[in-house]
Amino acid sequence: MKNSRIANLQVLSAIAGCTLAGLIVSFASAATAQLVLQEGDSGTAVSTLQDRLRTLGCYDGETTGFFGSQTRDAVIRCQEQRNITPDGIVGAETYRALELGNPEPGTGSSQYGNRLQVGDRGAGVEELQRRLQTRGYYYGEIDGVFGQETQSAVIQLQRDSGLSQTGEVDAQVYAVLDGSTPPAPTPDVGNGLQLGDQNSRVADLQQQLNRIGYSLPVTGYFGTQTQQAVLSFQQSRSLPPTGNADPETLRAIQQAAGGSSTPSNSRRYSVVIPFTDSASFNRIQAVIPDAVPRQNRLGNFVRAGSFTTPEEAERQVNILRSRGLTDARVVFE
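Per my numbering, the sequence shown starts with residue 73, numbered consecutively.
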């Protein structure tokens, strides 16, 4: 009987040990998952990665925010240069080698009130998540990790508050979270903007164009979609139709955006192109180089314009289909 009890205790101890080990592995895996970027991912973290790869001479593509085959090959190139296993996946070792920040959890270095973005960790991110949760924007775990779920919550807050949808937490986002009025951005006409520019002024321009009826992803990159929107605006205002946002065009857009009476919830005819994998997204990018991947309950898609009449939307669909994007279609939003 005594030997039987001892045997049972040994079995229970072994089971408990396995369970504990499993939990440790599970927690470790969850933490590691927050560090990994790989093919098929999208968001600000991927944009940051692409910018860094370009600086290091491993990437010569555009900053799209989508981790496709071109980004994977660039990661492999940088990994080979640094004697890292060339798997095309940005794990903790590659993250550090590319100097993208400190990927380790629990550093506590990101304080609430400082600028926060994807990849940041610590008490400041925990406080951010709590405040976003209180306002109904965040439903995930309060883990102090600024990942895709936290970024999506910040973008939704920015969208609802009329701010540039950067996914980063700046003074304007803090002002909204603290219940005060966000400081208005200083208008900056400068020397104009053109194809290939990438900065916060481009994001402001895209936001202004959206307020007067266009439908652009707010990426901060002046690509072909932004160029076409600027060209359309210039033609509607009898301005020189260059597609470049020169100072005169920027002033006209700012004036139109400030006085636009178009309600923010007005419904429009949008052209969308569904896709299922990175290969199909790459085919879309071949036609629309600055395409931005989006996702809703129905799946992945790219938005290719928004129009006030179905006739205009159908014309855009026909153009896209003639260029090989046969899945292009019109949705009423």
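Glycine included, every Cβ here is placed at the ideal spot set by N, Cα and C. If you're wondering where the values come from, they're calculated on a predicted model, not measured in any experiment.
For Phe347, the beta-bridge partners assigned by DSSP are Asn372.
Of the residues assessed, Thr348 falls on the exposed side of the cut-off, its CB having fewer than 16 other CB atoms within 10 angstroms.
By the criterion of at least three beta-carbon pairs nearer than 8 Å, the stretch 296 to 309 is not in contact with the stretch 234 to 254.
Taking 4 residues as the shortest admissible run, the stretch 221 to 255 contains the following complete alpha helix (DSSP H) segments, listed from N- to C-terminal end: 243 to 249. Under the three-state reduction of DSSP output, Arg366 falls in the strand class. For the pair of segments examined, the stretch 190 to 203 was found not to touch the stretch 147 to 158: the number of CB pairs separated by less than 8 Å stays below three. Annotation for Ser272: the continuous alpha helix (DSSP H) segment containing it runs Ser272 to Arg283.
In the three-state reduction of the DSSP assignment, Leu188 falls in the strand class.
Using a Cβ-Cβ distance cut-off of 8 Å, the stretch 356 to 365 and the stretch 291 to 302 are in contact, since at least three pairs of beta carbons, one from each stretch, lie closer than that value. Bridge partners of Val402 according to DSSP: Val343. Around the beta carbon of Ser272, fewer than 16 other beta carbons lie within 10 angstroms, which makes this residue exposed. Here Val302 is not near Val343, since their CB atoms are 8 Å or more apart.
Listed as beta-bridge partners of Ala317 by DSSP are Leu265. Taking a C-beta distance under 8 Å as the contact criterion, Leu229 and Tyr209 qualify as a contact pair. Distance check between Gly371 and each of Gln280, Gly185, Ile345 and Gln220 places Ile345 closest, using alpha-carbon atoms only. Shortest Cα-Cα distance from Val217 to any of Asp399, Gln189 and Gly285 involves Gln189. When the beta-carbon positions are compared, Gln183 and Phe139 stay at least 8 Å from each other.
Shown here for Leu235: same chain residues with a beta carbon closer than 6 Å to its own, the five before and five after excluded, namely Gln244 in chain order. For Val197, the enclosing alpha helix (DSSP H) stretches over residues Ala195 to Thr206.
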